[in-house]
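Here's the structure we're looking at; comments come further down.
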Amino acid sequence: SCDAAQLCNCSSMGLDFIPSGLTAKITVLNLAHNRIKRIQSQDLRQVVNLRALLLQSNKISSIDEDSFQSLVKLELLDLSNNSLAHLSPVWFGHLFSLQHLHLQGNFYKDLGESSPFSSLRNLSSLRLGNPQFSVIRQGNFEGIELLSKLWIDGHNLSQYEQGSLKSIKKIYHMIINIKSINVFSEIVRDLLHSVTWLEVRRIAFSISAEMQLLRVMSSSSAKKISFKQTLLTDATVPEIVSILEDMPKLVELELIDCRLLGTGQWKMQIQANQSQTLRVFTIEKLSIEEFYLFTDLQTVESLLSLFTRVTVRNTKVFLVPCRISQHLISLEYLDLSANLLGDQSLEHSACQGGWPSLQTLNLSQNSLSDLEMTSKSLSHLRNLTVLDISQNNFGEIPDVCEWPKNLKYLNLSSTQIPKVTTCIPPTLEVLDVSANNLKEFGLQLPFLKELYLTKNQLKTLPGAAPIPNLVAMSVRRNKLNGFSKEEFESFKRMELLDASDNNFICSCEFLSFIHHEAGISQVLVGWPDKYICDSPLAVRGAQVGAVHLSLMECHRSLIVSLICILVFLVILILVGVGYKYHAVWYLRMTWAWLQAKRKPKRAPPKDICYDAFVSYSENDSNWVENIMVRELEQACPPFRLCLHKRDFVPGKWIVDNIIDSIEKSHKTLFVLSEHFVQSEWCKYELDFSHFRLFDENNDAAILVLLEPIQSKAIPKRFCKLRKIMNTKTYLEWPIEEEQQELFWFNLKIALKS
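Using the UniProt record's numbering, you'd call the opening residue of the sequence shown number 1 and step up by one each time.
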């Protein structure tokens, strides 16, 4: 389970214990998602160079005190999602190099009376807590001074001793999952000057009176606040905004996957001091049940003037009020992707005087359908340089559009455009029209440096003359078959050409042409996405001079033809061998045997109609029909014989007739002669007897030798016939008349037996 770098992956292997035989070479050991219940002293004693130990999602409930004693180089220990009922400081006493410790998802209710982490001087990130975790005591975090991330799952945390987290001098990112606002306010009080980024999860700000407990946050030095899966109401939003506005260093505010009960009818006017520091505001996946009744947010207009970056993504926004846009005077970046903006609402949102400083605008995944109207709505944004309107449904586009004068980057990918026109602004330096239905590209774009044409229907490269400054171009996943010398000559100044995943015909000549004549700094041609070539040509970073294409890659047609000829010859040889060694016969025999096996071993007595079925060659019919039949059927008592000429059912398959006749007869009488062993139908009858009669080791078969048969005349495939004739008595037709009466007597005795 270990690779060359001694990373050993033993996850999800159903292990009940840590495997033995671990060596000092191992640096990473992944034992996650097993059934390990205990870690014993000797389990990890040999892995002295271990850097990462992953034991999450097991059933660990017991750890010997010195289990980790030899892991002085360990940097990551993951014990999350196990069954630990307590944490012991002794476990971590020798983990001097430990930087990341994950303990969440166990069964412990507290961290003990003292600090389990006092010896972890290099600890950088700590994750702890579980649904049963309810108490944090003073001194639980002694020994930890600096953390890049502290994650506490304290959804049911009910008791927090003041000062418990105060010993940690600096925490960059604090994540707390908590339900109690009382406990949360006590924690915040201890973190006022230590946390840079505070992330609060799954808390409900629903009661206005409780907001006074959060007033302590207004003194926090945090620069970023994130609320995730948080409940807000019209009554509590003004209080929270007021608190956040008072935070002296707050730069960024996030609301991710939150829920708002209300329509923006806030009962009190937000009396804001207008924070001089808050610049970045992000809302993602905000659920407003009655979003269609939401107000125009006039009460927050005064808070917006200093925002430089605003993201409102996947929140069902269908309109930004003009007054709001006009108050965003400092806004440089606006992301409104994955919303419900249409052509008319965009025109109102981007009204005159709105977003005057905007440089980057993302309107992807909305409901825009008219490119001419979209471009005109944004044309007054003189500072706009980057515009993403991908994943809308524009379809056909006009020949003339009005765009912002300084637009440099335009993303029109996945917009159902069948053809590009002069609507595309000539000022562009980067254009992305990937994943459309383009069959050609011939625009005059004198300043264009990067062109992305991935996933279209192009069969030839765009002309180089209309885009003289092109530096990089991607034409991946089109229908290109190859490059002409003229096409490469025209793009000699380009630094990167990605043409992988096309329909190139791989040839040594083509590869040599790219290598010696293209002159492009880097060419990705791929068959598909196989060769990455630079100048001099390289394959995945190797020089092409050291790369040798296989015979298959260089002469595919010839190789395919040779393979077809070879396959044909093999089939021909198999047919010849099969004919010589009677392969068809063996197949037919197998089928007959399978049919016979599915029938009962013996027919019921009521179905027996004949004393014997007679199998003979047509060349011996004179003896059978004129001598043997007369002798036996006129005997006293007479024998009933089944003959194929007389008793087979007309229209029935002959093989079925043979099988049924043998089934309905007490005996099967074979009249053997040179003609018999050469008869095709006699073979069928004898074949069936092999499986149906001889295999049952009974006396149902009677052999009558009409004339002497040489051993070599019997086909080798009738091995059982040979064996029976060598081991079993058979009746031989005598030429002398005086012996024939004894022959008939013996035959009648055999038929009656």
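Note that beta-carbon positions come from the ideal geometry of N, C-alpha and C, so glycine has one too. Remember, it's a predicted structure, so these values are computed and weren't measured experimentally.
Pull up the DSSP beta-bridge partners for residue i, would you.
i           : result
residue 411 : 388 and 432
residue 701 : 668
residue 348 : Answer by DSSP bridge pairing: none, since residue 348 is not bridged.
residue 312 : 283
residue 233 : 261
residue 8   : 2 and 29
residue 374 : According to DSSP, residue 374 bridges with nothing at all.
residue 641 : 612
residue 369 : DSSP lists no partner for residue 369.
residue 749 : Residue 749 is not bridged to any residue.
Can you grab the Cα-Cα spacing for the pair residue i / residue j, in whole Å?
i           : j           : result
residue 121 : residue 79  : 19 Å
residue 110 : residue 74  : 25 Å
residue 217 : residue 345 : 38 Å
residue 668 : residue 704 : 11 Å
residue 333 : residue 308 : 6 Å
residue 573 : residue 559 : 21 Å
residue 25  : residue 154 : 39 Å
residue 372 : residue 347 : 12 Å
residue 87  : residue 166 : 21 Å
residue 72  : residue 123 : 13 Å
residue 145 : residue 129 : 20 Å
residue 399 : residue 425 : 11 Å
residue 4   : residue 48  : 18 Å
residue 289 : residue 234 : 13 Å
Determine the contact status of residue i and residue j, defining contact as a CB-CB distance below 8 Å.
i           : j           : result
residue 132 : residue 107 : yes
residue 675 : residue 753 : no
residue 447 : residue 427 : yes
residue 636 : residue 610 : no
residue 55  : residue 31  : yes
residue 100 : residue 125 : yes
residue 158 : residue 180 : yes
residue 335 : residue 314 : no
residue 454 : residue 476 : yes
residue 765 : residue 607 : This structure cannot speak to residue 765, because the chain is shown only from 1 to 753.
residue 337 : residue 298 : no
residue 90  : residue 65  : yes
residue 392 : residue 377 : no
residue 63  : residue 36  : no
For residue i, which option in the options has the closest C-alpha, if you only look at C-alpha atoms?
i           : options               : result
residue 440 : 261, 284 and 419      : 419
residue 163 : 178, 183, 6 and 153   : 183
residue 417 : 396, 562 and 408      : 396
residue 45  : 60, 467 and 67        : 67
residue 276 : 283, 249 and 289      : 249
residue 151 : 112, 139, 159 and 201 : 201
residue 316 : 291, 125 and 149      : 291
residue 33  : 27, 39, 25 and 11     : 11
residue 666 : 318, 612 and 87       : 612
residue 326 : 337, 358 and 311      : 358
residue 702 : 640, 615 and 659      : 615
residue 205 : 230, 186, 225 and 188 : 230
residue 503 : 497, 481, 223 and 282 : 481
residue 649 : 661, 638, 639 and 640 : 661
residue 247 : 265, 227 and 215      : 215
residue 304 : 196, 84 and 252       : 252
residue 96  : 398, 360 and 143      : 143
residue 226 : 258, 493, 105 and 652 : 258
So, is residue i buried or exposed, given that buried needs 16 or more other C-beta atoms within 10 angstroms?
i           : result
residue 21  : exposed
residue 518 : Because residue 518 carries a pLDDT of 49, less than 50, the predicted location of this residue cannot be relied on, and no value is offered for it.
residue 193 : exposed
residue 136 : buried
residue 622 : exposed
residue 178 : buried
residue 59  : exposed
residue 353 : exposed
residue 42  : exposed
residue 116 : buried
residue 444 : exposed
residue 583 : exposed
residue 170 : exposed
residue 23  : exposed
residue 734 : exposed
residue 339 : buried
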